[in-house]
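Remarks on the structure that follows.
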Amino acid sequence: MKASLDNAKPQWIWENQKNHQVNQYVEFFRAFELMECGNAELRIAADSNFAAWLNGHFVGTGQFSDFPDKKTFTSINVSDFVRLGKNVLTILAYHCGQDHSSYISDEPGLWFVFQCGQAKVISDENTHCRISKSYTQGSIARISQQRGFCFSYDARFADNWTDINYEPQQEWQSSVIRNQKRVPQERPVPMLILEPRPPHEIIAQGVLKRFKFGNAAVAELMQHDFLSARHPRQLYEGAISVNGKILSRPVTIANALTDHEDGAYIIVDIGREECGFIDIELETSAGTVVDIAIGEHIADMRVRAAVGGRNFASRYITCKGRQHFIYYIERYAGRYIQLHFTNMGAPITLFYAGLIPANYPVQKLGTFSCSDTSSEKIYDVCGHTLKLCMHERYEDCPWREQALYGEDARTEALIGYYVFGEYNLARVSLDLLARSIEKDCFVQICAPTRLNIKIPFATMSWLIALSEYIRFSGDKIQINESIKLACEVLDRHCGQLIDDLLPCPQGKQYWHFYDWADGLSGSIARTDKEAMFGQRFDAILNFFFILALEEISNALDYYGQSNLANKFRTQAAAIRKASHKMFWNSEQQSYKTYSGEHVLQKHYAEMTQSLALLACVPDDNAASILRNRLTLNDNGWTPISLGMAIYKYDAILNGPVEIRNKAFKMISQQWLPMLYEGATTFWETIKGQADFDGAGSLCHGFSTIPAYVYQAHTLGITPLEPGFSSFRVRPVFGELAWASGRIPTPAGIIEISWEKRGQSYRGQVSHPASLKPVFADPGSNCEWDVQKND
């Protein structure tokens, strides 16, 4: 069929089944003729994901996680793959069909437009399709409650349908046009970049005995397999090894199993945590079962394939000969890949097992160097950690959830401004959260989702993040609608005040979470009886509300709406006064966290005191007491977690010089132990993998806070006006001999360096000519050399 030259519009298409199931894989095939070659583009959308090939070449994957009424397409430049004459476009479309933390289920469908010069090919009934014969369809084990399904793929049924010379057989049918009128818009962020294969090293191998029970998920089977280690020479044919380390690759499992052994296993290390697509290449006979688990650690002397109902393993069944399989539908994260081989009919040669990294296209524009090499290492690991939490939007972690949370996004966006100069991902994340706001004016726990669970203080984080986005990016236009919504949200919550305090909302949809710390994690109510009852006031929620009012007031100043800004500031002042009266305990010289019925009346936390300081609730004397006590290791308050430590550091570092200097050591005390344990990314909590009953994440975006502290405080660069048009210079010198770095801004790079010279300091600042530095500590005994870098 020739590519058309008319103005026909693409349709949403799918296979012809009335009852569509969850976890469905459908293959689409379209052959067409091109009379000329040139620039070619494929625009493609799907519910819920796709992988596309043109003339046998893989060209892209990755549907943006959008809301059903705001579908988006991905634009892919395919100019390098078109040819004169016959061309073949093949697409694997995937329909999850099961709501989770970053997906709202909608009707299954595929939509595409291929354009090359004047020639156009669209999705319509001329596109052939079939249900995949290789993928298991329907409900199988979920990766986690926050994510979609695992996969099971049988290569014996694969027929090279993506190949240029493939001809559809009888099972292929014409696609059916779906009754969907939505015209997708271009996705707001670029598609991910696939990086080269990371090197892999086999670090363990042996034989296994399978403990069979019920209809267990693949992950459960792998977790319960009995493993017996073997020296490489006992398992691999012709293996060359020294001290147990394999020197020859690829390796061949010789299939010398006894009657008591059901198979063999291999554990692969790719060197550091990565996030991407499962990639295996091997050669064997047909029917070998390869179970694949991905993990962040081997604390159990194996990959923890199953934990707490989560399943981090899927299945691949081999065809005959050499084969290469990449699973493009779902991203996995980890450092270790464990393979369990069963039903082995012949030797197995493993050429590769790992992950193809799939990364958001950013460059590390920010830098930090100093006289303390361990701090430089912390900064570098922060950058890698955050990058693994940047894909379609900011996400909490790439391994367990891959979900956008309001509080996490605020912290990650702030760090992303400094490390990558990345503003687009922050804006898109804030917009997704804005779309989740309902009549009660709280953001959903994640976006997009139908979970209907809300963390009230995360709404305040979203409000704060909006103002910070304007201040860092200088963009007031694209965020304008969100600022209008923010004012509606503040008005709504101001209307809920009781004696100038914001009460906790009641209902089972509200999770009164503040931190992963004793007395602060709340609980998710499953029934109305479990929901909070009785009037209650939380200090942290009110302190966050003060910060939100002040930040949106700053944003309104940027828009010239001073009257509304002053209204919100007046309300913030009233809440500040009422909060001190309600929560200050003069005997404890601290702010209690809760007040009301059925609460922990004697709960005092570092987070509570930190936010009180940031919200300017205490007077100068009380503020001095709180700041000094925050710097003590054993201060008697519930410690703040890694993810919320940004508030503690800001509270200390916004204080006087003698207090600020103590913060630098505190970071080393908390983050260096992770590096000493071999971490290549920073953990969700200081307990690491052992937390959350063995499901602790070892890569969490909000734990990259040191990068922010180093650039915003140690180097001392923060924006005062939108786009850094004026910026503050106030380094925290501490005990360092010198420090230097680069801070990206929309106008260009700010470079700063300083060094200690006896009892004084000498510093240099180079900045874009359009920006104005403001030196905040004129009495800091530092002489500055300032240059404009036109």
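Here our numbering is used: the first residue of the sequence shown is 561, the next is one more, and so on.
Here a beta-carbon is modelled for each residue, glycine too, at the ideal position from N, C-alpha and C.
Asked                                                                                                                 : Found
Whole-Å CB distance - P758 paired with I830, under 8 Å assumed                                                        : 4 Å
Contact set for D968: own chain, Cβ-Cβ below 7 Å, skip 5 residues either direction                                    : Y954, D956, G1261, F1262
Rounded straight-line distance, which links the Cα of W1231 to that of T927                                           : 18 Å
DSSP-derived helix/strand/coil call for H660                                                                          : strand
Minimum length 4: unbroken alpha helix (DSSP H) runs contained in the region 1264-1328                                : 1265-1269
Boundaries (first-last residue) of the alpha helix (DSSP H) holding T933                                              : 933-947
Cβ-Cβ separation, H760 to T1241 (assumed contact under 8 Å), whole Å                                                  : Contact flag wrong, Cβ pair sits at about 18 Å.
Which residues DSSP lists as bridging C1006, in chain order                                                           : Y965
Cβ separation of W959 and S1257, assumed to be a contact under 8 Å, to the nearest whole Å                            : 6 Å
Extent of the continuous alpha helix (DSSP H) to which K1044 belongs                                                  : 1040-1054
Residue range of the beta strand (DSSP E) that includes Y713                                                          : 712-714
Where the beta strand (DSSP E) through K1332 begins and ends                                                          : 1332-1335
Endpoints, beta strand (DSSP E) assigned at V582                                                                      : Here V582 belongs to no beta strand (DSSP E), and DSSP marks it neither H nor E.
Check whether I1024 and R970 have beta carbons under 8 Å apart                                                        : yes
Proximity of I1246 and L1190 at Cβ, strictly below 8 Å                                                                : no
Where A784 sits in the DSSP three-state scheme                                                                        : The question names Ala, but residue 784 in the sequence shown is His. Three-state result, H784: helix.
D851 - DSSP class collapsed to helix/strand/coil                                                                      : strand
7 Å Cβ shell around N1114 - same chain, five flanking residues per side excluded                                      : S1027
Cα-Cα separation between C597 and G677, rounded to whole angstroms                                                    : 7 Å
C-alpha distance - Q1149 paired with F1143, whole-angstrom precision                                                  : 11 Å
From L974, N871, E1166, K1348, residue whose alpha carbon lies closest to that of R707                                : N871
Residues of its chain near T696, where Cβ-Cβ distance is below 7 Å and the 5 sequence neighbours each way are ignored : S712
Bridge partners - H900, DSSP secondary structure assignment                                                           : Y825, D851
For V638, the first and last residue of its enclosing alpha helix (DSSP H)                                            : Run containing V638: none; DSSP gives neither H nor E here.
Limits of the alpha helix (DSSP H) - the one that Y654 falls within                                                   : Unbroken run through Y654 is the beta strand (DSSP E), 645-655; no alpha helix (DSSP H).
Cα-Cα separation, S704 to T1009                                                                                       : 15 Å
Bridge partners - G836, DSSP secondary structure assignment                                                           : Y892, P917
Beta-carbon spacing of E755, N919 below 8 Å                                                                           : yes
Cutoff 8 Å; reference F624; Cβ partners in own chain excluding five residues on either side                           : T632, T634, R747, P748, V749, E952
Contact check, P1333 vs A1307, beta carbons under 8 Å                                                                 : no
Residue environment, Q1229, which counts as buried when at least 16 other CB atoms sit within 10 Å                    : exposed
Neighbourhood of S692 by C-beta, 6 Å cutoff - its chain only, sequence neighbours within 5 removed                    : Y585, E587
contact_flag[the region 897-904, the region 834-850] where n(CB pairs < 8 Å) is 3 or more                             : yes
Contact the region 1313-1331 vs the region 1282-1299: 3+ CB pairs below 8 Å                                           : yes
Simplified DSSP assignment, three categories, for L754                                                                : strand
A814 versus C710 - alpha carbon distance                                                                              : 29 Å
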